[in-house]
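Mapping the sequence shown onto UniProt numbering, position 303 (from 1) lands on 303, and the numbers just tick up by one.
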Amino acid sequence: QGKILEKTGLCSQITFGRYVRQGRKLGVDPKLFIWDLQFNKVPVRVYQPKATSDGRRRGIIFFHGGGWVFGSLDTYEKVCRYISRESESVVVSVQYRLAPEHKYPAAYEDCLNATIHFMKNIEHYGVDPANVIVCGDSAGGNLAAAVSQTLAGRSDLPRLRAQILIYPGLQALDFNLPSYHQNRGVPLLFRERAAFFALQYLNGDALHMQEVLEGSHIPPDMRLKYRKWVSPDNIPEKFKVRGVKPLRPTDFIAEVYETVKRFCEPNLCPLLAEDAIVHQLPESFILTCEYDVLRDDGLLYKKRLEDNGVRVTWYHLEDGFHGIISLYDYCGFSFPAGKRGLDSVVNFLKSL
């Protein structure tokens, strides 16, 4: 419907997508205090358990998903309330600026600035400075990974206790990894949509999407450089048995590379960070779904973290698809896998 409305000139498909995805602020929660604030001019929503605590609580900074173009504080209200209640943690949900109106690095900068503000003012929220976690799903997982990498070398702030990456998108070099083809037509994220969202975030448009999907946007020498990190060779064989056909490499197009060369920046594609950064990262939790184009991004980052001595807890939903945790309780429908995924996050938090 969004494409039809765009072609008729009524509205863009992104505007339509935002309309159908818009959430609503829920009523009073008997177990939580909830405030809407601003952290360094970035809108946030803070969830704090009402129950008394023996000591300072853990703090979770949450970045919502939505391909960098969708999502809001209201859209993720149920998820954030659930995490705060069940893990007895203070949760800060961040409303970063969205593409295409605000291109990269706007979302990353908002998430980073909100996180730094929280860490510098942590005593106001009853949070233990040694127990702060960044967390996000999909595009929010990308932002959590980027913020975690940026803060890894900061000596003026407390060290992050952990990062939680829920089916994150972590690279835009290769849209032909096994999971991209196995799940190319599986809702809620199609292969073409993954490239579309990455381009909207980077440039505010979807020009050259076909060339990016085919891999014509990366120079051969750069592709060779990153092959040690972004390659089907680093994916366990059991994930390659379902309908994967090797593709012929496409010719490099320099003009396309000039428009998307920032895809090689780790703040946009955290999978490309150097080992010197990766080995400083905190304990990590990664959730992947079998029926998700982004599955292999998570698997590749898991390997990179483990190769650099970072402790990783990995939870794989064999019956999961992209976006499923948001559907654990959606308009009267319930996806058991979504509830299991969300509970795996809560259990990891309780283990810290």
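Ideal Cβ positions, reconstructed from N, Cα and C, are used throughout, including at glycine. Please read these numbers as outputs of a predicted model, since none were measured by experiment.
- Relative to residue 120, the option among 157, 144 and 111 whose CA is nearest is 157.
- Here the alpha carbon of residue 205 sits roughly 19 Å from the alpha carbon of residue 65.
- Pairing residue 281 with residue 299 gives a Cβ-Cβ distance that is not under 8 Å.
- In terms of Cβ geometry, residue 134 and residue 163 form a close pair [threshold 8 Å].
- The three-state secondary structure of residue 263, taken from DSSP, is helix.
- Listed in chain order, the non-local C-beta contacts of residue 329 below 7 Å within the same chain comprise 78, local neighbours out to five positions each way being set aside.
- Annotation: the continuous beta strand (DSSP E) that includes residue 321 extends over 312 to 321.
- Taking the Cα positions, residue 261 is about 22 Å away from residue 148.
- A Cβ-Cβ separation of about 5 Å places residue 93 in contact with residue 73 under the 8 Å criterion.
- Under the rule that a run must span 3 or more residues, the beta strand (DSSP E) segments found entirely inside the segment 25 to 55 read 32 to 39 and 42 to 49.
- Under DSSP, residue 57 takes part in a beta bridge, and its partners are 127.
- Per DSSP, the unbroken alpha helix (DSSP H) holding residue 198 starts and ends at 191 to 203.
- The Cβ atoms of residue 290 and residue 327 do not sit closer than 8 Å to each other.
- Excluding five sequence positions before and after residue 103, the CB atoms of its chain that fall closer than 6 Å to its own CB belong to 204, given in chain order.
- Under the three-state reduction of DSSP, residue 163 is assigned to strand.
- When the five nearest sequence neighbours on each side are left out, the beta carbons in the same chain lying within less than 7 Å of the beta carbon of residue 50 are those of 31, 32 and 33, in order along the chain.
- Counting other Cβ atoms within 10 Å of its Cβ, residue 350 stays below 16 and is therefore classed as exposed.
- With fewer than 16 other Cβ atoms from the protein chains shown falling within 10 Å of its own Cβ, residue 210 counts as exposed.
- Judged by their CB atoms, residue 244 and residue 182 are nearer to each other than the 8 Å cut-off.
- Around the Cβ of residue 241, a 10 Å sphere holds fewer than 16 other Cβ atoms; the residue is exposed.
- In the DSSP annotation of this structure, residue 179 is not part of any beta strand (DSSP E); the continuous alpha helix (DSSP H) holding it starts and ends at 178 to 182.
- Around the CB of residue 115, 16 or more other CB atoms lie within 10 Å, so the residue is classed as buried.
- In this structure, residue 168 sits away from residue 267, with a CB-CB distance that is not shorter than 8 Å.
- Taking every protein chain shown into account, the CB of residue 348 has 16 or more other CB atoms within 10 angstroms, so this residue is buried.
- A residue is called buried once 16 or more other Cβ atoms fall within 10 Å of its Cβ, and residue 278 is buried on that count.
- The beta carbon of residue 117 is closer than 6 Å to those of 39 and 40 in its chain, skipping five residues each way along the sequence.
- Beta-bridge partners assigned by DSSP to residue 132: 59.
- Residue 108 and residue 187 have their C-alpha atoms roughly 26 Å apart.
- For residue 14, no pairing in a beta bridge is given by DSSP.
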